[in-house]
Amino acid sequence: MSNLDTSLQYLKGVGPKKIKSFLKLEIKTIRDLLYYFPRTYEDRRNFVKLIDCKDGQKANCRVTISGLPTVFRPRRGLTITKIPVKDDSAAGFLVWFNQNYIKDKFSIGESIKVNGKIKRVGMDIQIHQPYSEKDNGKNGLVGRIIPIYSLTGKISNNEIIKLVSLVLKEYLNFEEDVLPDYILKQNNCPDIKEALINIHFPKDKESYLISRKRLVFEELFLLQLGLFALKNKYHQTEKGIKFSETKQINKFLKSLPFELTNAQKRVLNEITADMESHNPMNRLVQGDVGSGKTIIAVLAMMKAHFSGYQSVMMAPTEILAKQHYESITNLFKEYDIRCELLVGSLTNKEKTNILEKIKNGDVDIIIGTHAIIQDSVEFKALGLAITDEQHRFGVRQRAMLSSKGYNPDVLVMTATPIPRTLALILYGDLDISIIDELPPGRKQVKTYAIDSKMKERAYNFIRQQIAEGRQTYIVCPLVEESEKLDIKSAVQLYEELKSECFKDLRLGLLHGKMKAGEKDDIMSKFINHDIDILISTTVIEVGVNVPNASIMLIENAERFGLAQLHQLRGRVGRGEYQSYCILANESRSKISKERMNIMENSTDGFIISEKDLEIRGPGEFFGTRQHGIPKLKIANIFNDINILKNAQSAAQRIINEDPKLNLEKHMKLKNKIIKMFREELEEISFN
Ligand code: ADP
Ligand code: MG
């Protein structure tokens, strides 16, 4: 363990209270602090003469104390301290509020540098609440570019600056470059020490840019190398399966009650071409909610079947897996294609039975949840591995699924649009197909944001729709980080509505912690219209298809991501009826209102997530490990695409030369990657 990995509490001036605040910023060790990069900078290099100071401006001045302080108490609780100063252009005052001790800080004739807000009051030139320091120090906070950090709790920017300076002075020598020399040279990167100094305290714009570039490069490079290593573990060979041309598909298409949209046809052609070639397919199908991805997956699985291979489709929830299973068996009822459902809630006997069939090749298509990637699942001849709602799975799970076959073709499907850079990182090896067209005749879901005063009216509207024979979803607040609390709020609301305003209607409750049997029961009751209102957590977010449901009311809509709201809203508007989505927004903040506005005005998933990103920034959007990658500290998913490309090719070259990173010169890299991907790579051994 290096000194940098020691706890922050060993730093001078960091007590238990501070530690707590730092924890909120996810800073635990000295290294974490060293890698806590500024959010922005303030350029304090230029000094202004007093005479040139403008009202309202934040200025840096060099002044001399020219007289004794005066202290006023204009009213109880307010003390004003004024100290006269001058430079060679004019005289002025430093002004502090409620900082009595300041009057003893300076002596007449002393030269200081100050930074503060200028107030021109009548003839007075005043500098309010200035930061000040002696005019002889070198590394002060006035006269150079100052880092501005994101703050929380009880830590001030100046405190962080002080600690970072201390760490740079006393600990920087312990930091080693993980990037090999030759990579630094090839990419014109400064070494890590220089980069760290300049990212916190840039000499000038140039040194900032070059240091940032290096740190971004390192971050993306390590990420990419880690993902390559992960992939290497699971992919042994290069050559894939060549599937046959299949005439049967055309006949099947003719038997469908609808014609494929042009977008579906195009994507199907792309998939067919992939499958019929020798190269293994690696394709991402991106298409908005309701664009008809399932049928595309079904057609691909049919092709695999008629070519003599098994296929598997993994869905993120049991409800969705079951629904796929049912609609697929229904589609295939005229065909001799054997489907099975493999989910966690089966009895052991059922499971053993299915596993046996999968192994012996007595089943052609397997639909399931994570249960499918368990070790115990062995296929006779897996040719095609599909992941539905890919955004719900990590990189590792995708890799594990395809490792069940001998280089099977891989298809992943998602409704969540992601920025191009992230797509390149996550799916660098994937080709992308987009279904950018909805089936004809869909009515747009009308969306309204309401506040709590309008709840009553919303309930009446629900009642009216139910009287007309429709059904309703009520989705309960998402309580972050706690599934338990989610459930509690759903249960509570259910009880409330059942005993009060909807007591004459048939209500059902659905949440993630219910037993599978109960969930099934409720879901099939809802499908069969034995339930009017389904009160649920976000377990219904993906895939659920009940065309008679025409209203969705989302409680505390402000707590959801817009992409998630859009996904939820996709549960209504699936049939012939005009459908409605009511967003109960309990927040008065401007951002919430703006976000609700976007939902009211757009039904296009791509636009919605773009706007959401604009408002919230990528940090929050991609802050979680939901994609199975470590958090990015400095790289910007939108702007750093060129650096990403360099990082990718550098990582690729290394992996080609040294696939297991066993060469001495790559040792540090290997260790670093193992550390970074601890969760994803836990059982990776490169050997
Ligand atoms: P998603 O892309 O969200 O997974 P689904 O595959 O569940 O969407 O499709 C939504 C609904 O649209 C399903 O009921 C499906 O049968 C229907 N559908 C799919 N393609 C078409 C089409 N070309 N024309 C009409 N309906 C279609
Ligand atoms: Mg779907």
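Quick note, this note's numbering runs 66 ahead of the 1-based positions in the sequence shown.
We treat Cβ as the ideally placed atom computed from N, Cα and C, and that holds for glycine.
Three-state secondary structure (DSSP) of residue i
| i | result |
| --- | --- |
| Gln302 | Caution is warranted here: a pLDDT of 49 is assigned to Gln302, below 50, making its placement in the model unreliable, and no coordinate value can be reported. |
| Thr690 | Unreliable placement is indicated for Thr690, whose pLDDT of 36 sits below 50; no coordinate value is reported for it. |
| Ala156 | coil |
| Lys200 | strand |
| His371 | helix |
| His755 | Lying before the first or after the last residue shown, residue 755 is absent from the chain, which here runs from 67 to 753. |
| Gln195 | strand |
| Arg640 | coil |
| Ala615 | strand |
| Thr453 | strand |
| Lys656 | helix |
| Arg661 | helix |
| Thr480 | strand |
| Ile214 | strand |
| Ala447 | coil |
| Tyr76 | helix |
| Asn667 | helix |
| Gly292 | helix |
| Ile361 | helix |
| Leu350 | strand |
| Asn69 | helix |
| Met189 | coil |
| Leu649 | strand |
| Asp497 | strand |
Contact under 8 Å by Cβ, residue i with residue j
| i | j | result |
| --- | --- | --- |
| Ile606 | Tyr525 | no |
| Lys220 | Asp201 | no |
| Cys405 | Ile431 | yes |
| Gly353 | Ile498 | no |
| Ala437 | Leu467 | no |
| Leu70 | Glu176 | no |
| Met347 | Leu477 | yes |
| Val378 | Ile307 | no |
| Leu89 | Val230 | no |
| Thr603 | Gly578 | yes |
| Ile168 | Leu116 | no |
| Val610 | Arg572 | no |
| Met665 | Leu634 | no |
Beta carbon proximity, residue i to chain C, threshold 8 Å
| i | result |
| --- | --- |
| Gly574 | Chain labels in this structure do not include chain C; a single protein chain is all it has. |
Alpha carbon of residue i to alpha carbon of residue j, nearest angstrom
| i | j | result |
| --- | --- | --- |
| Asn705 | Val282 | 11 Å |
| Pro256 | Thr106 | 21 Å |
| Phe294 | Tyr646 | 45 Å |
| Gln140 | Ile146 | The question names Gln, but residue 140 in the sequence shown is Pro. Going by the C-alpha atoms only, they are around 8 Å apart. |
| Val233 | Gln75 | 12 Å |
| Asp109 | Gly143 | 35 Å |
| Met380 | Glu455 | 9 Å |
| Phe159 | Gly209 | 20 Å |
| Arg464 | Thr383 | 15 Å |
| His194 | Met662 | 40 Å |
| Ile121 | Glu562 | Here the sequence assigns Asp to residue 121, which means Ile is not the residue at that position. Answer to the nearest angstrom: the Cα atoms are 58 Å apart. |
| Lys585 | Ser555 | 18 Å |
| Lys736 | Leu727 | 6 Å |
| Leu288 | Lys185 | 49 Å |
| Asn473 | Leu250 | 35 Å |
| Lys734 | Ser87 | 32 Å |
| Tyr215 | Thr72 | 22 Å |
| Leu698 | Glu92 | 13 Å |
| Ile700 | Arg280 | 10 Å |
| Asn426 | Lys446 | 6 Å |
| Tyr643 | Ser469 | 43 Å |
| Asn419 | Gln376 | 17 Å |
| Phe688 | Asp153 | In this prediction, Phe688 scores a pLDDT of 43, lower than 50, which makes its location untrustworthy; the coordinate-derived value is nonetheless stated afterwards. Rounded to whole angstroms, Phe688 to Asp153 spans 50 Å at the Cα level. |
heavy atom of ligand 3 below 7 Å from residue i C-beta
| i | result |
| --- | --- |
| Asn335 | You won't find ligand 3 in this model; what it holds is ligand 1 and ligand 2. |
Touching by the beta-carbon criterion (3+ pairs, under 8 Å), the stretch 351 to 358 and the stretch 313 to 331
The answer is yes - the stretch 313 to 331 touches the stretch 351 to 358, with three or more Cβ pairs under 8 Å.
Uninterrupted beta strand (DSSP E) stretches inside the stretch 564 to 604 (no shorter than 3 residues)
If we require 3 residues or more, the beta strand (DSSP E) runs fully inside the stretch 564 to 604 come out as 573 to 576 and 599 to 602.
Give, in chain order, every unbroken run of the alpha helix (DSSP H) that is at least 4 residues long and sits entirely within the stretch 502 to 546.
Entirely contained in the stretch 502 to 546, the alpha helix (DSSP H) runs reaching 4 residues are, in chain order, 521 to 533.
Is there contact here, the stretch 383 to 402 with the stretch 515 to 535, by at least three beta-carbon pairs under 8 Å?
Contact between the stretch 383 to 402 and the stretch 515 to 535 is absent, because fewer than three Cβ pairs lie under 8 Å.
Residue ranges of each beta strand (DSSP E) within the stretch 78 to 164, 3 or longer:
Runs of the beta strand (DSSP E) inside the stretch 78 to 164: 106 to 109, 124 to 131, 136 to 141, 144 to 152 and 157 to 163.
Check whether the stretch 580 to 596 and the stretch 508 to 517 touch, using three or more Cβ-Cβ pairs below 8 Å as the test.
Contact between the stretch 580 to 596 and the stretch 508 to 517 is absent, because fewer than three Cβ pairs lie under 8 Å.
In chain order, what are the residue ranges of uninterrupted beta strand (DSSP E) at least 3 long that sit wholly in the stretch 404 to 441?
With a minimum length of 3 residues, the unbroken runs of beta strand (DSSP E) contained wholly in the stretch 404 to 441 fall at 405 to 408 and 431 to 434.
For the stretch 204 to 287, which segments carrying the beta strand (DSSP E) assignment without a break, of at least 3 residues, lie completely within its bounds, in sequence order?
Runs of the beta strand (DSSP E) inside the stretch 204 to 287: 211 to 214.
Take every Cβ of the stretch 613 to 630, pair it with every Cβ of the stretch 530 to 539, and state whether three or more of those distances are shorter than 8 Å.
With a cut-off of 8 Å, the stretch 530 to 539 and the stretch 613 to 630 count as touching, because enough Cβ pairs lie within range.
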